[in-house]
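**Q** According to the UniProt record's numbering, the first sequence holds residues 1 to 206 in order.
All C-beta atoms, glycine included, are put in the ideal place defined by N, C-alpha and C.
Please read these numbers as outputs of a predicted model, since none were measured by experiment.
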Amino acid sequence: MRPDRLVTADELAIDPVVAAPFLLGCELESTGEAGTVRVRLVEVEAYRGKDDPASHCYRGRTPRNDVMWGPAGHLYVYFVYGMHFCANVVCAGDGEPGAVLVRAAEVVHGADIVRARRPSARSVTALKGPAILTSALGLDRAHNGVDLLDPASPVRLLTGERVPPARIRTGPRVGVAAAMDTPWRFWVDDSPAVSTYRRGGRVRPR
DNA sequence: GGTTCGATTCCG
DNA sequence: GGAATCGAACCA
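(1) For Leu-149, name the three-state secondary structure that DSSP assigns.
(2) Can you tell me whether Ser-120 is buried or exposed, with buried defined as 16 or more other CB within 10 angstroms of its CB?
(3) When the Cα atoms are used, what is the spatial distance from Gly-70 to Tyr-197?
(4) What is the DSSP secondary structure of Leu-23, reduced to helix, strand or coil?
(5) Which partner residues does Pro-97 have in the DSSP bridge list?
(6) Helix or strand or just coil, what does DSSP make of Leu-41?
(7) According to the Cβ coordinates, are Gly-110 and Thr-36 closer than 9 Å?
(8) The alpha helix (DSSP H) that contains Arg-117, what's its start and end?
(9) Within 10 angstroms of its Cβ, does Lys-50 collect 16 or more other Cβ (buried), or is it exposed?
(10) How is the beta strand (DSSP E) around Leu-127 delimited, first residue to last?
(11) If the criterion is Cβ atoms closer than 9 Å, does the pair Ser-195 and Lys-128 meet it?
(12) Taking all protein chains shown into account, do 16 or more other C-beta atoms lie within 10 angstroms of the C-beta of Asp-147, making it buried, or fewer, making it exposed?
(13) Which whole-angstrom value describes the C-beta separation of Val-80 and His-74, a residue pair presumed to lie in contact below a C-beta threshold of 8 Å?
(14) Taking the alpha-carbon positions, what's the Arg-206 to Pro-192 distance?
(15) Would the beta-carbon of Val-39 fall within 9 Å of that of Val-108?
(16) For the putative contact between Val-44 and Leu-28, defined by C-beta atoms under 8 Å, what is the C-beta separation to the nearest angstrom?
(17) Identify the residues that DSSP records as bridge partners of His-74: which are they?
(18) If you reduce the DSSP assignment to three classes, tell me which class Glu-11 lands in.
(19) Looking at the structure shown, is Arg-199 part of a helix, part of a strand, or coil, going by DSSP?
(20) If you reduce the DSSP assignment to three classes, tell me which class Asp-190 lands in.
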């Protein structure tokens with residue numbers, strides 16, 4: 001039987017690099033007007049704080065990244081490329097901000113809702129990409145800061161079936177130019193939903 | 001106040 | 001390979 005329970009704050013109040021592999025296999029459940037969609041995370045990326053040039057928090061606290069400095073277990077949603085939203089699970093360690101970007105997932109429940117939200121999508125079950133994930137779950141800026149560990153929240157984080165460590169792969173983060181040497185992307189090796197890797201652009205000189 | 005470019009996706 | 005499309009961050 002599935003260990004279906006909410007993730008606890010203790011499990012996320014740690015270094016995002018440690019929390020990231022833990023989140024593989026966990027499930028996000030989003031309830032909106034259309035109903036409830038539930039997905040199993042199969043690809044994530046860790047972002048730290050001032051020691052991570054790729055992190056939104058690298059240059060300090062701003063209104064945009066504020067949620068990343070708050071309590072673990074909240075949802076950090078940001079708008080990018082003028083049209084997409086990406087979602088992160090906030091983590092914390094050593095008084096530094098941190099979060100784990102959810103990059104890809106498999107739909108566990110609510111495929112009909114996902115199809116309605118993404119009519120022209122190739123697959124209704126494989127959500128390969130962070131913005132595809134948020135659109136399937138119906139997440140946008142209104143969900144920024146939501147507590148994922150509260151059963152009454154519109155979006156919740158549950159422990160799913162554990163992923164055996166042997167099936168977890170790591171590599172550099174997608175689309176990130178800085179910190180190419182840190183393998184902080186984690187994915188489930190045998191999942192068909194894992195996104196395709198793209199290198200980041202050139203590192204911009206300061 | 002103006003400019004740059006992104007933790008992306010989809011189409012050609 | 002390139003467009004779409006907005007705003008946060010950065011520089012003047």
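**A** So, to answer that:
(1) Within the first sequence, residue 149 is the residue found at index 149, counting from 1. The answer is coil: DSSP assigns Leu-149 none of H, G, I, E or B.
(2) The residue labelled residue 120 in the question sits at position 120 within the first sequence. Only exposed fits Ser-120, as fewer than 16 other CB atoms lie within 10 angstroms of its CB.
(3) Position 70 of the first sequence, counted from the first residue, corresponds to residue 70. Position 197 of the first sequence, counted from the first residue, corresponds to residue 197. Within the model, the alpha-carbon separation for Gly-70 versus Tyr-197 is close to 30 Å.
(4) Translated into positions along the first sequence, residue 23 becomes position 23. The answer is helix: DSSP assigns Leu-23 an H, G or I state.
(5) By one-based count along the first sequence, residue 97 stands at place 97. Its beta-bridge partners are Ala-92.
(6) On the first sequence, position 41 is the one that residue 41 refers to. Secondary structure at Leu-41: strand, using DSSP grouped into helix, strand and coil.
(7) Translated into positions along the first sequence, residue 110 becomes position 110. Translated into positions along the first sequence, residue 36 becomes position 36. Result yes, Cβ atoms of Gly-110 and Thr-36 sit closer than 9 Å.
(8) Against the first sequence, residue 117 aligns to sequence position 117. It spans 111-117 - the alpha helix (DSSP H) in which Arg-117 sits, taken as one unbroken run.
(9) To locate residue 50, count along the first sequence from 1; it is residue 50. Under this definition Lys-50 is an exposed residue.
(10) Stepping through the first sequence from its first residue, residue 127 is reached at position 127. Membership of Leu-127 in the beta strand (DSSP E) is indicated by the continuous run 126-128.
(11) For the purposes of this step, residue 195 is identified with residue 195 of the first sequence, where counting begins at 1. For the purposes of this step, residue 128 is identified with residue 128 of the first sequence, where counting begins at 1. Result yes, Cβ atoms of Ser-195 and Lys-128 sit closer than 9 Å.
(12) The residue given as residue 147 occupies position 147 in the first sequence. By the 10 Å Cβ count, Asp-147 comes out buried.
(13) Start at 1 with the first residue of the first sequence, and residue 80 comes out as number 80. Start at 1 with the first residue of the first sequence, and residue 74 comes out as number 74. Separation of the CB atoms of Val-80 and His-74 is rounded to 19 Å, and the pair is thereby denied contact status at 8 Å.
(14) Taking the first residue of the first sequence as 1, we reach residue 206 at position 206. Taking the first residue of the first sequence as 1, we reach residue 192 at position 192. Bear in mind that the predicted position of Arg-206 carries a pLDDT of just 46, short of 50, making it too unreliable to give a figure here.
(15) Locating residue 39 in the first sequence gives position 39, counting from the first residue. Locating residue 108 in the first sequence gives position 108, counting from the first residue. Contact annotation: Val-39 and Val-108 have beta-carbon atoms nearer than 9 Å.
(16) Residue 44 sits at position 44 when you count from the first residue of the first sequence. Residue 28 sits at position 28 when you count from the first residue of the first sequence. The C-beta distance from Val-44 to Leu-28 rounds to 11 Å, too long to meet the 8 Å contact threshold.
(17) Position 74 of the first sequence, counting from 1, holds the residue named residue 74. Answer by DSSP bridge pairing, in chain order: Asp-147.
(18) As a working mapping, residue 11 is identified with position 11 in the first sequence. Assignment of Glu-11 by DSSP, reduced to helix, strand and coil, places it in the helix class.
(19) The count along the first sequence starts at 1 and reaches residue 199 at position 199. The three-state secondary structure of Arg-199, taken from DSSP, is coil.
(20) Against the first sequence, residue 190 aligns to sequence position 190. DSSP places Asp-190 in the coil class of the three-state scheme, outside both helix and strand.
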